[in-house]
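Worksheet: the structure to be examined is printed underneath.
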Amino acid sequence: MPAGMGREAAVIQDWGRRLRESQLRTQLRLIPLLLCCISSSALPAGLAPLVVSPDLVPEGGGKATAPSTSPAATTRGGAAPAAGAASQAKPGSPRATTKKGTEVVVKPVPMEPELEPGVTEIRADHIRGTRSVETIAEGNAEVRRDDTVLTADRIEYRELDDEVHAVGNVQLKETEASIAGPEARMKLTEHLGQFDTPDYWFKREAHEKTGVEAAHTGPWAGYPSLKGGGSTKSSRQKQSQPTAAEREVSGGGHADVMYFQGENQYELKNATWSTCQASDPDWYVKASELHLDYDREVGEAHNASIVFKDVPLLWWPWADFPLVGQRQSGFLSPTFGVSNKVGLDVSIPYYWNIAPNYDATFAPRFMGRRGTQLATEFRYLTPTEKGESRIEWLPRDNVTGEDRALGSFQHQQILMPGLFGSIDVNAVSDKHYFEDLSSRVSLSSRATLLREGRLTYAASDWWNASALVQSYQTLSGVAPYQRLPQLTFNANRNELAGGTSFIMRSEFVQFRHVDEDKPEGSRLTLYPQVALPYERAGYFVTPKFGVHYTHYDLDNGLPAVPGGPLTEGRTINRTLPIFTLDSGLIFERDTAFFDKAYVQTLEPRLYYVRVPTRNQDEIPVFDSARYDFGLAQIFSENLYSGGDRIADANQVTAAVTSRLVDGETGAERLRATVGQRFYFDDQQVTLPGETPRTGRRADILGVFSGRVSRSTSLDSAWQYNPRDSQTERFNFRVRYSPDIGRALNLSYRYSRDVLQDLDLSGQWPLGGGWYGVGRITRSLKENRITESLAGIEYDGGCWVFRTALHRFATNPEDVTQAFFVQLEFNGLTSVGSSPINLLRRSVAGYGKINDPVGDRIFGAD
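Numbers in my numbering are just positions in the sequence shown, counted from 1, shifted up by 3.
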């Protein structure tokens, strides 16, 4: 076509377009006049929406208006979804929407509707652009898709590329993230792009029951835990027990640039990270490169350091850290402390997260006085088995000149439904191992280490059986007997004929001893019992009769004279009928104290025991000892534990208990009990070296406990000797704890000719975020302090500082002193040696002043 003809055609087309626009404007001017002629009932509800082609929106943006509303314009498209939160529009505000970029609909909207999944909505004061190509929103601009909201002064949205370019006061808000900065570019569907100089904040729910931490869930629920032995249980293991609750873990910081690398993937340059919410955080991780992976819930930092109060503390060329408190492989924060036994104590652990159900820790430990020790721990968990092993090795102790080591292995397994097996083996190289190398009183005072294997069958709800092999490594005192093996069968069947109950206790055990001068042999025990419980409202009576049969097959017996040689092996049989009668009354009355309703009870109880006398002096003592005298013991059949002594008895125990029960909640507020045992015969059966009782009355026991107020509780126990008119034992404790982090305890213990201790402990805020914690135990009998603890804590909001000095005496000649200091960064890690378990053990009612953070370092308490 000639050039002139092209220009002429263009002029004609332009003239036609202007004519159509003039006609349209004329029609738009007439619409208000027509609306005035229509009755109010026929207004918007009866009219079709006005459709305006996007091509007719004037350059520079059009503004849709409606009476008594602020102007707004909105464009909707059909892109794919992303994640985040939505904003609300003002009720009644008009909207301009584009469905797939084809048309603009202007109509009043009463409320902000929920977007359909994948629909993109753009709102702003001014909107302009080209259909299905580009939309430009200016003035309070907002892009919303699903739960993602992006706001800025100016937003460009390219629909074909699904790309957003935002400039000026940019904010990206999602359900679990909030990012702000001057400029951002991103593809909404793919979650790709970059954010310039952003300030960011992320939050996630931390799931506590993961991996090895779920050791007591699933098929393991209800099975017994490993007990005793030399396993040095750590704060990490204790805190790894599952909890049903979830906690929110959040963190954020600032960076030069943030790159979106897909959903839940963020790459940052010259970035910081902290759980402190302040704009100027007290601590943060500073890294030249920081990758946040919220799929694996792990952060990776290159050329990173922890900065606390503008002072760099630690530096790593590369490190990863948990974003929600979960476990992952890597070096852990070093622990350090000081004690008079080992000197400076520093450990740098490495944690290996082998699999969700396997992990290991390697912890080199430098001790200033002793040398360098290597400690390792391995844990595992499967649907049918779980366990842990631990090895400590000190090649040469600089003090003793010897190699020193510890080994520990615990394993539990479900062999088949109802059949459970366990192994618990512990050993140390010498009996002073814990005393020299541990700063914890619970380990330093250990007397034995357990070694046992056990099988338990409990497929029925009324009987069970077990097999056990058991021995000990003795660290102090007399070595106990080994059980090689022990077989037990127990049954308890209720609601038999006539309302009777049948109880069976049986055992076979072979006793061995490391000392050749100790008698050895086997013991078979059969103890069938029949009870007839009779219970009615207000009283109960339970007679019970049983026959206790014991058969000994001794390899060698007791010496004929004390200190002489063992006698030849022999068999001994012992048969004892045992009768008990337990009865009681229960009286109740309504009462009131301080205008509050209570139910007060009066519960007298009588317990009679009859066991005939049998001479048992020729029976060795394998596992029997006298029970500690108390309320539990005076309502038992036998004075002795184990099966080697069955005490003769013709006695009755009388006691009365009164309880004060809250009339509204049913909670017990106070309880008081007074009881005494009365004997009708002198004692005949005793342990070797024990003086038989000749009196007719035992000591009077009194117990009082309860909460005298919401924050104050009392516990007291008293043992009074009426024969000598003096107190044998007296314990008293009062605790005042009005809130978390506020606890005061005062206790007094007295045992005639044994001990007299006064103990004061507490935790209390000092003001300004500081807390004091301490304990002092003084032996009034020995006129010396046996244990003391002084500590101080500071809660900085997102970090906590703790320090504690502990001093305890395992014997009158030896004292252990230890110093703990810890700086804990909430949600990240801690530096130093943790005194948490020490404070919890020493101060009743101690409360951790910040949220718990998992400590993966074993032996850190």
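Just so you know, even glycine gets a beta-carbon here, dropped at the ideal spot from N, CA and C.
CA-CA distance, residue i and residue j?
i: Glu671; j: Leu747; result: 22 Å
i: Ala847; j: Ser764; result: 8 Å
i: Phe822; j: Ala274; result: 36 Å
i: Glu640; j: Val612; result: 6 Å
i: Thr545; j: Ala534; result: 7 Å
i: Tyr160; j: Gln197; result: 15 Å
i: Gly87; j: Lys176; result: With a pLDDT of only 34 at Gly87, under the threshold of 50, the placement of this residue in the model should not be trusted, and no figure is reported.
i: Pro398; j: Arg407; result: 7 Å
i: Ile394; j: Glu380; result: 7 Å
i: Leu842; j: Pro623; result: 44 Å
i: Tyr207; j: Pro284; result: Note on residue identity: the sequence assigns Arg, not Tyr, to residue 207. Their backbone Cα atoms lie some 20 Å apart in a straight line.
i: Ser479; j: Phe514; result: 20 Å
i: Leu808; j: Leu792; result: 6 Å
i: Cys801; j: Ala482; result: 50 Å
i: Ala382; j: Leu529; result: Residue identity check: residue 382 is Arg in the sequence provided, not Ala. Each residue's alpha carbon lies about 40 Å from the other.
i: Pro337; j: Gln376; result: 15 Å
i: Asn653; j: Phe632; result: 18 Å
i: Tyr475; j: Ser282; result: 58 Å
i: Val803; j: Phe334; result: 21 Å
i: Lys784; j: Ser719; result: 20 Å
i: Ile852; j: Ile125; result: 46 Å
i: Pro838; j: Ile351; result: 17 Å
i: Val677; j: Arg608; result: 10 Å
What first and last residue would you give for the beta strand (DSSP E) that runs through residue i?
i: Arg508; result: Ser504 to Arg515
i: Phe707; result: Ile703 to Arg710
i: Glu538; result: Tyr537 to Arg539
i: Ile182; result: Ala180 to Lys190
i: Arg577; result: Thr570 to Leu588
i: Arg672; result: Glu671 to Tyr682
i: Asp798; result: Arg787 to Asp798
i: Arg157; result: Thr151 to Arg161
i: His551; result: Tyr542 to Gly560
i: Arg126; result: Thr123 to Ala127
i: Asp427; result: Leu422 to Val431
i: Ala363; result: Tyr361 to Met370
i: Thr459; result: Thr451 to Tyr460
i: Arg662; result: Ala652 to Asp665
i: Phe412; result: Arg407 to Met419
i: Phe625; result: Unbroken run through Phe625: none, as it is neither H nor E.
i: Lys272; result: Gln268 to Trp276
Between the Cα of residue i and the Cα atoms of the options, which residue gives the shortest distance?
i: Trp204; options: Thr697, Thr178 and Ser627; result: Thr178
i: Gly294; options: Trp321, Thr192 and Ile309; result: One detail in the question is off: residue 294 reads as His in this sequence, not Gly. Of Trp321, Thr192 and Ile309, the residue nearest in Cα terms is Trp321.
i: Val711; options: Ser740, Asn853 and His435; result: Ser740
i: Ile133; options: Ser392, Ala187, Leu163 and Tyr797; result: Reading off the sequence, residue 133 comes out as Thr, not Ile. Answer by Cα proximity: Leu163.
i: Val706; options: Gln679, Glu693, Ala600 and Arg700; result: Gln679
i: Asp518; options: Asp313, Gly775, Ser782 and Tyr484; result: Tyr484
i: Asp259; options: Val288, Asp760, Glu266 and Thr200; result: Thr200
So the alpha helix (DSSP H) residue i belongs to, where does it begin and stop?
i: Asp439; result: Tyr436 to Leu440
i: Ala635; result: Leu634 to Ile637
Looking at the structure shown, is residue i part of a helix, part of a strand, or coil, going by DSSP?
i: Gly501; result: helix
i: Ile839; result: helix
i: Arg148; result: strand
i: Arg617; result: coil
i: Arg844; result: helix
i: Trp466; result: strand
i: Pro741; result: strand
i: Gly524; result: strand
i: Arg810; result: strand
i: Glu2; result: Only positions 4 to 864 of the chain appear in this structure, which leaves residue 2 out of reach.
i: Lys599; result: strand
i: Asn379; result: Looking at the sequence itself, residue 379 is Thr, so the reference to Asn does not match. Thr379: strand per DSSP, three-state reduction.
i: Ala494; result: strand
i: Leu717; result: strand
i: Tyr849; result: coil
i: Thr689; result: coil
i: Ser350; result: strand
Q. Okay, do the stretch 587-594 and the stretch 616-632 touch, 3+ Cβ pairs below 8 Å being the bar?
A. Cβ pair count under 8 Å is below three, so no.
**Q.** Validate contact between the stretch 716-734 and the stretch 808-818 using beta carbons, cut 8 Å, 3 pairs
**A.** no
Q) Within the chosen definition, does the stretch 686-695 reach the stretch 655-675 through at least 3 CB pairs nearer than 8 Å? A) no
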